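To convert, take the position in the sequence shown, counting from 1, and add 21; that gives the numbering used here. Ideal Cβ placement from N, Cα and C applies to all residues, glycine included. Since this is a predicted model, take the numbers as computed values, not measurements. Single-structure report; data block below.
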Amino acid sequence: RDRIVVQADGQMKTGRDVLIGALLGAEEFGFSTAPLISMGCIYMRACHLNTCPVGIATQDPELRKRFRGQPEQVVNYFFFVAEEVRRYMAQLGVRKFEDLIGRTDLLRTDEAIDHWKARGVDLSGLLAPPDAPPEIHRRRVRPQDPVLDDHRDHQLIKLAEPALERGEPVSFAVRVENKDRCVGGLISSEVARRYGEEGLPEATIDVTLEGAGGQSFGGWLAPGITLTLFGDANDYTGKGLSGGVLAVRPPEGSRFAAEENVLIGNTVLYGATAGRAFFRGLAGERFGVRNSGVRAVVEGVGDHGCEYMTGGRVVVLGPTGRNFAAGMSGGIAYVLDPEGAFPARCNTEMVDLEEPSEEDLAEVRALVEEHLERTASTVAERVLAEWDSLARAWVKVMPMDYKRVLREREEQASIDAGEPAVIAEHGDGDGAGPVRAGQGDAYSPAGNGMEASKTGEAGQHEDASAAAERAGKAARDAGADDGERAQIEEEAEEEVLPWNG
Numbered sequence: 022r023d024r025i026v027v028q029a030d031g032q033m034k035t036g037r038d039v040l041i042g043a044l045l046g047a048e049e050f051g052f053s054t055a056p057l058i059s060m061g062c063i064y065m066r067a068c069h070l071n072t073c074p075v076g077i078a079t080q081d082p083e084l085r086k087r088f089r090g091q092p093e094q095v096v097n098y099f100f101f102v103a104e105e106v107r108r109y110m111a112q113l114g115v116r117k118f119e120d121l122i123g124r125t126d127l128l129r130t131d132e133a134i135d136h137w138k139a140r141g142v143d144l145s146g147l148l149a150p151p152d153a154p155p156e157i158h159r160r161r162v163r164p165q166d167p168v169l170d171d172h173r174d175h176q177l178i179k180l181a182e183p184a185l186e187r188g189e190p191v192s193f194a195v196r197v198e199n200k201d202r203c204v205g206g207l208i209s210s211e212v213a214r215r216y217g218e219e220g221l222p223e224a225t226i227d228v229t230l231e232g233a234g235g236q237s238f239g240g241w242l243a244p245g246i247t248l249t250l251f252g253d254a255n256d257y258t259g260k261g262l263s264g265g266v267l268a269v270r271p272p273e274g275s276r277f278a279a280e281e282n283v284l285i286g287n288t289v290l291y292g293a294t295a296g297r298a299f300f301r302g303l304a305g306e307r308f309g310v311r312n313s314g315v316r317a318v319v320e321g322v323g324d325h326g327c328e329y330m331t332g333g334r335v336v337v338l339g340p341t342g343r344n345f346a347a348g349m350s351g352g353i354a355y356v357l358d359p360e361g362a363f364p365a366r367c368n369t370e371m372v373d374l375e376e377p378s379e380e381d382l383a384e385v386r387a388l389v390e391e392h393l394e395r396t397a398s399t400v401a402e403r404v405l406a407e408w409d410s411l412a413r414a415w416v417k418v419m420p421m422d423y424k425r426v427l428r429e430r431e432e433q434a435s436i437d438a439g440e441p442a443v444i445a446e447h448g449d450g451d452g453a454g455p456v457r458a459g460q461g462d463a464y465s466p467a468g469n470g471m472e473a474s475k476t477g478e479a480g481q482h483e484d485a486s487a488a489a490e491r492a493g494k495a496a497r498d499a500g501a502d503d504g505e506r507a508q509i510e511e512e513a514e515e516e517v518l519p520w521n522g
């Protein structure tokens, strides 16, 4: 017990909650909901839908404009929590918080329990003080051994000194073991400290590694760093990837089929924002969770792939687990599915499954070609050799919100460029086309006593000349002569607003 820290979490709101946790043996306390509420959270329970109305849990730029929280609000909240703890400590006669930890003798069970399930619960075992001699501590007193003094990255920093000092390209090889956690993290901090967010030109620091990468291998890898691992890697590989290039492939001379074996662990590319990653072999669960910008290729994933993804591209050359794309609100995934089994494994609550366009396939092919180049993947080699026959086996996973945003940007770009917006893209222009919720009324043609509507389905203005022609046709069908028809056309053209406002 004297070497570890115990943390209490869940429903922590007040100083009393902190006090009880400490008396039960905790030294650290995790808060989540209460600090969010102090910044304006209104408890909509929509954190996973990208629709947070107060701009906290969303990537939507319009919703994020509504965020009004300030760091001082959270600080002020914790001041109140600490003050409440101080008052309880004064009542108990305790001077230091450390003296509270593990003092279960200061707790009493509540006798006034009405619920039938709780009345028979005996908590005496939970509150019994441990039978231990005085020299056995109830809290951590021994500090953790410094793990950074012999971190593998110190070796990388020394070998990469020409690149860090003068920007000269360097290339070298090192061995790693599974105890080497977050390989690439310290050297990335050096790159960021010296060169800022832009980092170095690509492959300025090119590192080849052999062995087993520990947790968070390639974490927060900065632009200009390339790590190629011949071996395997643990959970959180590529966590926070920030512009570097990461590749994992089997050891040289290995005889197993990489596409049938797991080479990287769970939660790969968690929270990654930029860069590229290539994995020859299968990944564990939650691959690409919260990916915000990385382009990645993998040969198969476990359950919950691309969960909560908000950006980037993911190409899967093999099978997927269940619940793929759950909560996915951005980015695009391409899954090779020659057997047709993928739709049943995908969570389509927030995504559409589409056939990729020629432009999409060109993007996928470029990534697969780079995957082959960096990992010598036999799967990538076969896919490229059979590209034409496999073209229809690709499934494009497209988030609905992302597709809507892209469409709105294209429409706005057309308007800004002075081009008529295309009504027929979303409706057929005659009132019979589909109208999506929140997009406005479909275009209604003039005639039969009806006034021509001024907007199409997406809120774009109808071309005035088209409205005049439509009104003239209706007048001709009604038996009007040429003079009357010309007047009607002129009035219709004046009534309908021009497409550019």
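Per DSSP, the unbroken beta strand (DSSP E) holding arginine 196 starts and ends at 191–197. For tryptophan 415, the three-state secondary structure derived from DSSP is strand.
Contact between the stretch 145–152 and the stretch 176–190 is absent: fewer than 3 CB-CB pairs across the two stretches fall below 8 Å. The residues Lys417 and Met419, in chain order, have a CB closer than 7 Å to that of glutamate 375 in the same chain once the five nearest residues on each side in sequence are set aside.
Per DSSP, alanine 397 is not a residue of any beta strand (DSSP E), being assigned neither H nor E. Pairing glycine 323 with glycine 342 gives a Cβ-Cβ distance under 8 Å. Within the stretch 76–118, the complete alpha helix (DSSP H) segments of 4 residues or longer fall at 82–85 and 92–113, listed in chain order.
Nearest to serine 410 by alpha-carbon distance, out of Glu48, Pro359, Ala365 and Ala383, is Pro359.
Judged by DSSP in its simplified three-state form, cysteine 68 adopts helix.
Exclusion of the five residues before and after isoleucine 178 leaves Leu185, Leu207, Ile208 and Glu211 as the residues of its chain whose Cβ lies within less than 8 Å of its Cβ. Using a 10 angstroms sphere on the CB of tryptophan 137, the tally of other CB atoms stays under 16, which defines it as exposed. Tyrosine 423: member of the alpha helix (DSSP H) spanning 421–437, first to last residue. By the C-beta density criterion, phenylalanine 363 is buried, having at least 16 other C-beta atoms within 10 angstroms. Around alanine 279, the same chain offers Pro271, Arg301 and Gly302 as residues with beta carbons nearer than 6 Å, after the five sequence neighbours per side are excluded.
Contact between valine 335 and asparagine 312 is confirmed by a C-beta separation of about 7 Å, below the 8 Å threshold.
For phenylalanine 50, no alpha helix (DSSP H) segment is defined; the enclosing uninterrupted segment is the beta strand (DSSP E) at 49–51.
Put simply, the backbone Cα of aspartate 437 is about 20 Å away from that of glutamate 83. In chain order, Ser313, Gly314, Gly351 and Gly352 place their CB closer than 6 Å to the CB of glycine 332, counting only its own chain and leaving out the 5 sequence neighbours on each side. For valine 336, DSSP records a beta bridge to Val318 and Tyr355. With a threshold of 16 other beta carbon atoms within 10 Å, serine 398 meets it and is buried.
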